[in-house]
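Here's the structure, in structure tokens; my notes come after.
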Amino acid sequence: MKVLVAPDKFKGSLTSAEAASLIGKAFKNNGFEVITSPLADGGEGTVDAIVSAVGGRKKIVPAKGPLGRSLESFIGLIKDGKEAVIEMAAASGLNLLGPAEYNLLKTSTYGTGELIKAALDEGVDEILIGVGGSATNDAGMGAAKALGAEFLDGAGNALEPVGENLGRVKKYDLSGMDPRIEKTKILVAVDVENPFYGEQGAAHVYGPQKGADQKQVEFLDSGLVDIAEVIENQSGQNLQELPGSGAAGGLAGGLVVFLGAKITPGTKYISDLLQIGTKVLQVDLVVTGEGKVDEQTLYGKAPTGVFNEAKKHSKKVIMIAGQIGEGVEKLEEEGIEIYMLAKGNRDAKWCIENPEKAIELTVEEIVKSLKAGS
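Counting the sequence shown from 1 gives a position; my numbering is that position plus 236.
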């Protein structure tokens, strides 16, 4: 039997590439022929997954982190160097900060702009930007400033492009923007529908996960309302009406306005890049997985593209889960079989510390079940 092993990351334990390798090895040890294809959702691991799947190279580039510290970051180059893949988390991600450093008032996407500039320096025609895992709520001001934009207060003074200054922006100036931006197709991979501001917007939905208290959330949301008004007055664009503009602290919306980017459904775009459909056709069984499986796994998370392709071609799907959240019965209603890594005397802590053994034992259970059903 031939199996496609296409997992997402198991957050805090395994990258998607590590998970694919371990699950694939366990199936091979049980006599299966295996194709591995690590998944990506626009967050951490996106560049590695795409570069390894389609061929290309990873280029190390210097950039500033969310709080302005210099760091070693990277971009991916694919399609003979004609397309760049960027994960904003590599320069502006929450993973780059300790929990005590989370501060949406002070963080910036400036480093993401530096990654975009590094891609332009490579002479690419197209840039794909994944925006998962951000540590920011600056509406993309930082990224735009790194590329030549200025954000001005009422007296015409340039402002630092951070969350606490959103409400102080009275005008933005794009006259100094890198001219190569206009000639480059920029796509922002987004799988959420969140508007720019409001109860379902960037600050309210994601602020608390990034360390903001209620007072800060209200302040940041008010700032997003203010800058959205400035943007509409200057450009005529109403970001609140653009689904997904609130992704990554408003970075998605900012990239649309300041860089002329287009928002694209990330799961489908990345799934197509990874050629998941072609790989599904070559196998008898599809195995995916991720750290937390819940109802959202069906809608716009990395495994969604796998489910859709498998369903299209009537292939059996098995899901390996680190932990289970609400609404998993919806996956089971779709015919997806779920196997937990943490089971019986294997608790979550043990599984995180012993991922290879946990996967080995879980795959043995899957194989036993497959043999019993054949």
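For glycine and all other residues, C-beta sits at the position ideal for the given N, C-alpha and C.
- Closest option to L577, judged by alpha-carbon separation, among N590, E569, E568 and L567: N590.
- Taking V426 as reference, the option from D357, V492 and I259 with the minimal CA-CA separation is V492.
- When C-alpha distances from E308 are compared across E319, L606, A354 and E468, the shortest belongs to A354.
- Here the segment 520-537 makes contact with the segment 563-573; the two share three or more CB pairs at distances below 8 Å.
- Note that the segment 320-329 touches the segment 264-284; at least 3 beta-carbon pairs, one per stretch, sit closer than 8 Å.
- Per the DSSP secondary-structure output, F310 pairs in a beta bridge with I296.
- Three or more pairs of CB atoms, one per stretch, sit closer than 8 Å, so the segment 381-394 contacts the segment 403-421.
- Annotation: R404 to S458 spans about 11 Å, alpha carbon to alpha carbon.
- The alpha carbon of A483 has as its nearest neighbour, out of G536, D520, V603 and S507, the alpha carbon of G536.
- Per DSSP, the continuous beta strand (DSSP E) segment holding G527 begins and ends at L521 to V529.
- Across the structure, I595 and V516 are spaced so that their CA atoms are roughly 22 Å apart.
- In the displayed model, G359 falls within coil according to three-state DSSP, outside both helix and strand.
- According to the DSSP secondary-structure assignment, I467 is paired through a beta bridge with no residue.
- Judged by their CB atoms, I572 and G496 are not nearer to each other than the 8 Å cut-off.
- Sorting A557, K552, E337 and G248 by C-alpha distance to the C-alpha of G609 places K552 at the top.
- Under the DSSP assignment, D409 falls in the beta strand (DSSP E) whose first and last residues are K407 to D409.
- Beta-carbon to beta-carbon, G480 and L460 are separated by about 14 Å, too far to satisfy the 8 Å threshold.
- Here the alpha carbons of T420 and F543 stand approximately 32 Å from one another.
- For Y505, the enclosing alpha helix (DSSP H) covers residues G502 to L509.
- Per DSSP, the unbroken alpha helix (DSSP H) holding F543 starts and ends at A538 to K548.
- Put simply, the backbone Cα of F246 is about 43 Å away from that of N469.
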